[in-house]
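Structure, as structure tokens:
Protein chains in written order, with the numbering used here: chain V, 1 to 110; chain P, 1001 to 1116.
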């Protein structure tokens, strides 16, 4: 079993839809959870960062962490064509290297 | 305020040649991380360096790969005797001085290495 599992997609939604992206993980010691957005041929850009369990909201983006289920989610409300990118989840125990999911490719169709 | 800079952006090498990838961290950052992204794969950690020190190289292949971050100048990832399987995008990230938590990393645009 991989440490971090993420459905690669592709996921295609109409403009304005709510998008749900998810990752599962196996290492219960992970404490910090991140979502990165990566446009084609570019470097990853940090979107959201959450410590331990709970929700965090930033504009149209909401990150959720459920440590009991080892499951994290990113929700995008009112999705826009500019949200079309690959979304990578990443996590760490804090003093260990980031472990990334494979990324989910999202297309938002106008 | 310049972000993390990497050069070259694209690098083509023939099998057996050496590849040198450079990374200049963000201003004020003294922690550098290198990652490799193979096609259809996620980012894989390779090495974590501070100035003049390798802190964690648990993700580095045992042979042909080395990294340094000298007191002056950029961090360099060196791949000797490249093979086709080394073709990938190599990303550098940096984090602020004095912070050792791995999460606060800012990524560069990457170097795309193609081995012919």
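Ideal Cβ positions, reconstructed from N, Cα and C, are used throughout, including at glycine.
- Neighbours of residue 102(V) in chain P, taken as residues whose beta carbon is under 8 Å from its own, are 1040, 1041 and 1042 in chain order.
- At least one CB atom of chain V sits nearer than 8 Å to the CB of residue 1105(P).
- Under the DSSP assignment, residue 1054(P) falls in the beta strand (DSSP E) whose first and last residues are 1053–1056.
- Proximity of the region 87–106 of chain V to the region 34–41 of chain V meets the contact definition, three or more beta-carbon pairs being nearer than 8 Å.
- In the three-state DSSP reduction, residue 41(V) falls in the coil class, being neither helix nor strand.
- In this structure, residue 1047(P) lies near residue 1057(P), with their beta-carbon atoms less than 8 Å apart.
- Residue contact with chain V for residue 1016(P): absent (no Cβ-Cβ distance below 8 Å to any residue of chain V).
- Against chain V, a Cβ distance below 9 Å from residue 1109(P) picks out 41, 42 and 43.
- The Cβ atoms of residue 1037(P) and residue 1091(P) sit closer than 8 Å to each other.
- Note that the C-beta distance between residue 75(V) and residue 96(V) is not below 8 Å.
- Per DSSP, reduced to three states, the secondary structure at residue 66(V) is strand.
- For the region 81–106 of chain V, the residues whose beta carbon sits under 8 Å from a beta carbon of chain P are, in order, 88, 90, 92, 94, 95, 96, 97, 98, 99, 100, 101, 102 and 103.
- Residues of chain V whose Cβ lies closer than 9 Å to the Cβ of residue 1056(P) are, in chain order, 96 and 97.
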